[in-house]
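> Got a structure for you, questions after.
In the numbering used here, the protein residues as written are 305 to 937.
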């Protein structure tokens with residue numbers, strides 16, 4: 305019997321700094337093991353209380369099968385129980401039993417336990433005789449693959465007899481007259497066929513560890529069960545190439561960062577990843593490049609839309625593994641005294657307001673992203689276009705903003721304060737590091753631009769303040785005091801992406817070379833830049849579809865032609881009155897021309913309230929009026 309778990313303080317501090325040695329991460333894995341066993345015990349207890357939940361399956365037979373497999377080969381069985389496939393299914397099924405999730409008939413979700421037991425018997429070399437659920441004639445074997453019964457496909461959900469003997473699996477339909485017939489195979493060694501889809505594997509190195517590329521497990525999404533979506537051979541080859549390139553990039557860094565693998569923020573041992581799930585579908589408005597997500601229920605697993613290159617995949621792997629580490633830490637330590645889910649905080653990588661737990665996760669993830677790009681500065685092999693300085697500079701600025709919010713607004717526990725302080729020390733140290741001045745300047749402008757547009761889209765002044773600002777503009781009276789802004793109701797917010805911010809990555813490129821700023825209002829050649837650098841920030845962490853091309857005024861602003869950009873944004877407003885993107889761009893261009901007016905960027909919603917209903921011809925007058933006196937609240 306194991307005693308209480310106690311994490312050594314220096315391991316916590318390694319993780320709190322955003323990194324973590326192999327020993328520190330190993331402790332998190334041990335914590336996940338303990339948690340997984342507790343959840344399995346809860347599931348067995350509930351099924352013992354209500355055996356009918358399993359439908360035709362028998363809990364006693366399942367339990368004996370797992371016990372026999374554990375006695376024969378405990379290491380393999382424990383590895384199975386710790387797999388992301390089992391973790392996602394287990395959490396989903398417990399939520400079903402608690403009434404907080406939906407899915408197929410409950411006996412199908414609960415009966416998947418029998419599929420886990422079948423895999424345990426196959427891997428341990430023991431015998432089993434169980435009833436497992438089939439979905440459309442296919443039986444899922446967690447971590448191994450998907451067996452499809454021959455003959456006429458079964459419809460819906462059906463029980464299937466499963467018999468295991470010495471590594472051989474026999475599947476026999478239970479219903480009469482279904483048209484489906486018996487299937488016999490050896491899942492541990494059988495090659496892919498029409499009836500057997502083994503789980504794809506991505507080798508980290510030859511004859512070494514592998515990462516599952518899972519396109520078939522029903523519980524591979526963040527919560528709800530989904531059907532299989534088998535990759536085509538071409539798609540599979542693409543993923544193999546991307547993963548190989550990502551693994552090469554995740555090797556020892558040649559930039560200014562730490563060179564010891566797996567210790568500093570942004571470093572990652574690829575074998576720590578357990579599973580990659582290709583994004584299985586499309587979002588409401590179309591496919592999204594750069595999207596990634598993960599769940600604390602499946603440590604080391606991530607859902608990733610196919611990225612454009614290995615660097616993008618490596619960045620996503622770092623980002624999502626940071627979420628896994630923090631999720632495991634949160635299973636061991638409460639970080640927030642008040643788990644406030646009120647979405648009222650600014651997150652620089654999202655288009656919408658965020659709650660404090662989300663801010664904490666975002667800060668931890670983007671410390672890893674910043675560290676990843678820091679370690680690639682000067683590494684021409686990993687960063688041939690020299691984009692790492694900008695990406696590092698931008699992420700360190702944005703992350704520091706969120707850490708300040710957490711330190712001042714969140715009710716942190718003792719471990720939470722220690723975590724935020726550790727991340728802050730890391731980022732403050734990075735802010736003192738010299739980085740190419742042009743990259744830093746672009747990063748500051750990109751960060752400011754996102755914040756201005758975010759406030760215009762998500763905040764508004766109260767009616768009294770709005771009336772006072774409009775009156776001040778008309779009459780010359782002093783502007784009213786600054787008051788706490790109100791949040792725009794969620795149904796009134798339009799989805800948006802920071803397409804202007806992405807241009808700061810490559811202000812010299814529009815796709816065909818130098819931009820023709822006298823051309824039509826759209827600059828479609830920039831879309832390739834936008835998809836790579838906007839989607840992770842505005843789509844994957846929020847909502848929306850693929851990034852739209854930026855407007856001509858954005859190109860002018862980013863290239864330093866502020867006067868022309870300001871005029872172009874005025875024209876844009878005349879064509880699309882009420883567009884927050886145009887108003888934000890005008891303010892950014894105006895304050896570039898009038899640095900003394902930059903205080904307008906702190907509360908752009910006040911400027912929007914003052915000029916509401918007025919044409920852009922009055923904007924410059926309003927800017928001079930509001931920037932001249934900003935009374936305190």
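Don't be surprised by glycine CBs; every beta carbon is placed ideally from N, CA and C.
Residue 696 lies in the alpha helix (DSSP H); which residues open and close that run?
Here the alpha helix (DSSP H) through residue 696 covers 692-713.
> Between the stretch 565-575 and the stretch 547-554, do three or more beta carbon pairs fall short of 8 Å?
A contact exists between the stretch 565-575 and the stretch 547-554.
> Would you call the stretch 351-363 in contact with the stretch 480-495, where contact means no fewer than 3 C-beta pairs closer than 8 Å?
Verdict: no, contact absent.
> CA-CA distance, residue 597 and residue 607?
Straight-line Cα distance between these residues: approximately 5 Å.
> Looking at the secondary structure, which residues open and close the beta strand (DSSP E) in which residue 653 lies?
Careful: residue 653 lies outside any beta strand (DSSP E) and carries neither H nor E.
> Quick one: Cα of residue 836 to Cα of residue 324, how far?
In this prediction, residue 836 has a pLDDT of 36, which is less than 50 and means its spatial position is unreliable; nothing more can be read from the coordinates.
> Whole angstroms is fine: what's the gap from residue 733's alpha carbon to residue 911's?
Between residue 733 and residue 911, the C-alpha separation is close to 36 Å.
> Return the Cβ separation of residue 370 and residue 421 in integer angstroms, given the expectation that the two are a contact with Cβ distance under 8 Å.
Contact holds; Cβ gap of about 5 Å.
> Tell me the DSSP secondary structure of residue 825 in three-state form.
Model confidence at residue 825 stands at a pLDDT of 43, short of 50, so the residue's coordinates are unreliable; what they give is reported in the following sentence. It is coil, neither helix nor strand.
> Is residue 788 buried or exposed, if buried means 16 or more other CB atoms sit within 10 Å of its CB?
Exposed, because fewer than 16 other Cβ atoms sit within 10 Å of the Cβ of residue 788.
> Does the Cβ-Cβ distance between residue 640 and residue 714 come in under 8 Å?
Yes.
> Taking the alpha-carbon positions, what's the residue 332 to residue 319 distance?
Rounded to whole angstroms, residue 332 to residue 319 spans 10 Å at the Cα level.
> Beta carbon of residue 677, beta carbon of residue 695: below 8 Å?
In this structure, residue 695 lies closer than 8 Å to residue 677 by Cβ.
> Runs of 4 residues minimum, wholly inside the stretch 401-469: which ones carry the alpha helix (DSSP H) assignment?
DSSP runs (the alpha helix (DSSP H)) wholly in the stretch 401-469: 410-428.
> Taking contact to mean 3 or more Cβ pairs, one atom from each stretch, closer than 8 Å, check whether the stretch 862-877 and the stretch 901-915 are in contact.
The stretch 862-877 vs the stretch 901-915: no contact.
> Residue 397: which of 902, 510, 772, 415 sits nearest, CA to CA?
Nearest C-alpha to residue 397: 415.
> Ignore the nearest five residues each way along the sequence and tell me which others in residue 431's own chain have a CB closer than 7 Å to its CB.
Here the set comprises 425, 468, 469.
> Can the beta-carbon of residue 477 be found closer than 8 Å to that of residue 458?
A contact, by the Cβ cut-off of 8 Å.
> Run through DSSP, which three-state label would residue 581 get?
Of the three classes helix, strand and coil, the one that applies to residue 581 here is strand, per DSSP.
> Give the DSSP-derived three-state secondary structure of residue 627 in the structure shown.
In the structure shown, residue 627 sits in a helix (DSSP, three-state: H, G or I).
> Please tell me whether residue 657 and residue 649 are closer than 8 Å, where the distance is taken between their beta carbons.
Cβ atoms of residue 657 and residue 649: closer than 8 Å.
> Could you check where the alpha helix (DSSP H) with residue 351 kicks off and where it finishes?
Counting along the chain, the alpha helix (DSSP H) containing residue 351 begins and ends at 326-353.
> Can you give the beta carbon distance from residue 800 to residue 856, rounded, assuming they're within the 8 Å contact cut?
18 Å between Cβ atoms; not a contact.
> Indicate the three-state DSSP secondary structure (helix, strand or coil) for residue 658 in the structure shown.
Strand at residue 658.
> For residue 764, name the three-state secondary structure that DSSP assigns.
Three-state result, residue 764: strand.
> Check for me: the beta strand (DSSP E) holding residue 487 runs from which residue to which?
Run containing residue 487: 487-489, per the beta strand (DSSP E) assignment.
> Could you tell me which residues DSSP puts in a beta bridge with residue 506?
Per DSSP, 515.
> Is the CB-CB distance between residue 671 and residue 623 below 8 Å?
No, the Cβ-Cβ distance between residue 671 and residue 623 is not below 8 Å.
> Return helix, strand or coil for residue 477, following the three-state DSSP convention.
It is a strand residue.
> Could you check if residue 517 is buried or exposed, using at least 16 other CB atoms within 10 Å of its CB as the buried criterion?
Looking at its Cβ environment, which holds 16 or more other Cβ atoms inside 10 Å, residue 517 is buried.
> If we ignore side chains and look at the alpha-carbon of each, how far apart do residue 703 and residue 662 end up?
Near 13 Å, if we compare the C-alpha coordinates of residue 662 and residue 703.
> At the level of alpha carbons, what is the spacing between residue 317 and residue 918?
Their backbone Cα atoms lie some 54 Å apart in a straight line.
> List in chain order: all unbroken alpha helix (DSSP H) runs of 4+ residues lying wholly within the stretch 718-748.
For the stretch 718-748, whole alpha helix (DSSP H) runs of length 4 or above, ordered along the chain, are 718-735.
> If we ignore side chains and look at the alpha-carbon of each, how far apart do residue 775 and residue 867 end up?
Cα to Cα, the separation comes out at about 28 Å.
> Taking residue 926 and residue 777 to be in contact with their CB atoms under 8 Å, please state how far apart those CB atoms are, rounded to whole angstroms.
About 5 Å separates the two Cβ atoms, so the contact holds.
> Taking DSSP as the reference, what is the three-state secondary structure of residue 484?
Residue 484: strand per DSSP, three-state reduction.
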